[in-house]
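Visitor:
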Amino acid sequence: MIGIFFTDEPVINYDAAKSSNLQFFAAYYREMVEQGVFLPPSQFEGLFLSTVHSDADIEATIAAAEIAMSKLKA
Numbered sequence: 004m005i006g007i008f009f010t011d012e013p014v015i016n017y018d019a020a021k022s023s024n025l026q027f028f029a030a031y032y033r034e035m036v037e038q039g040v041f042l043p044p045s046q047f048e049g050l051f052l053s054t055v056h057s058d059a060d061i062e063a064t065i066a067a068a069e070i071a072m073s074k075l076k077a
């Protein structure tokens with residue numbers, strides 16, 4: 004299980020998670036959907052990776068994340 008948090012601090016507990024940038028996550032989520040990658044819509048939900056995901060799935064997700072981040076940095 005993976006969690007994505009946008010913050011400068013380590014996320015070690017719920018308070019740290021709450022202090023992350025929720026607005027940036029929402030924008031990242033929308034950009035990932037535009038790229039065809041469907042993440043959990045809440046930053047507080049887990050993202051699951053399994054043996055069903057192929058190397059191509061993972062590479063496509065990484066490529067989508069790079070595109071999403073480049074758009075959001077602009």
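Add 3 to a position in the sequence shown, counting from 1, and you land on the number used in the numbering used here.
All residues carry an ideal CB built from backbone N, CA and C; glycine is no exception.
1. Kindly indicate which residue of Pro44, Ser57, Gln38 has the alpha-carbon position closest to the one of Ile70.
2. Among all the DSSP beta bridges, which residues are the ones paired with Ile5?
3. Apply the 10 Å Cβ neighbour rule to Phe47 and answer buried if 16 or more other Cβ atoms are within range, or exposed otherwise.
4. Between the alpha carbons of Pro43 and Lys21, how many angstroms are there, rounded?
5. Quick check: the Cα distance between Asp60 and Asp18, rounded to an integer number of angstroms?
Guide: Inspection of the coordinates gives the following:
1. It is Gln38.
2. Answer is Leu50.
3. It counts as exposed.
4. Inter-residue distance for Pro43 and Lys21 is about 16 Å (C-alpha atoms, whole angstroms).
5. The straight-line gap from Cα to Cα measures roughly 32 Å.
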